[in-house]
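Heads up: the sequence shown at position 121 corresponds to 121 in full-length UniProt numbering, and the numbers run straight through without jumps.
Positions of the beta carbon are idealized from the N, C-alpha and C atoms, including for glycine.
Heads up: the structure comes next, in structure tokens.
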Amino acid sequence: MNASQALSVAAEGGIIGDGRTGANLALGVGLIGLAIGCAALMRVTGRISIGNARTSGLSAMGAGAAGVVLAVLHLATSSGGPGTGNGLVGAIAAVPLGLVAVVVGGRALARSRHTGPATEHSTYERTAEPH
């Protein structure tokens, strides 16, 4: 089984389960990505001292993107409309959740690049100068 077949099987709900399984999987992956992204932001601000904010930000972006891909695949392969029990509404909710995980992970990644020792030009000290 190659990667595209594995993604289509996961989007359809897997080998066992009903049609909602694929949407629940996409929601779970997106939620995990969001949790990792929030932890990465806490690492950047210093609230959590264990781990690497850069690695966590990249992981959050990857999990969020995987959640979006699974949700879009489920939306493309599901039959019926909202309220039919196929998980269409869950897949629709998983798309913005995954996108938020990507944004939060990217924000943590960007902040981790800018943190470091302060230079003497980063702070402004006012000195009294005679006129």
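Assignment of residue 79 by DSSP, reduced to helix, strand and coil, places it in the coil class. Sequence-distant partners of residue 80 (beyond 5 residues in either direction) whose C-beta falls short of 6 Å from its own C-beta, in its chain, are 86. In terms of Cα proximity to residue 39, the closest of 22, 74, 19, 61 is 61. Rounded to whole angstroms, the separation of the alpha carbons of residue 65 and residue 112 is 20 Å. For residue 4, the number of other beta carbons within 10 angstroms of its own is below 16, and it is reported as exposed. Where residue 42 is concerned, the enclosing alpha helix (DSSP H) starts and stops at 20–45.
Secondary structure of residue 55 (DSSP, three-state): helix. Nearest in C-alpha terms to residue 75, of all of 101, 99, 95, is 95. Contact between residue 58 and residue 105 holds, with the beta-carbon distance rounding to 7 Å and staying under 8 Å. If you draw a straight line from the Cα of residue 63 to the Cα of residue 110, it comes to about 17 Å.
Excluding the 5 residues flanking it on each side, residue 31 has same chain C-beta neighbours closer than 7 Å at 97, in chain order. The alpha-carbon of residue 56 is positioned some 7 Å away from that of residue 37.
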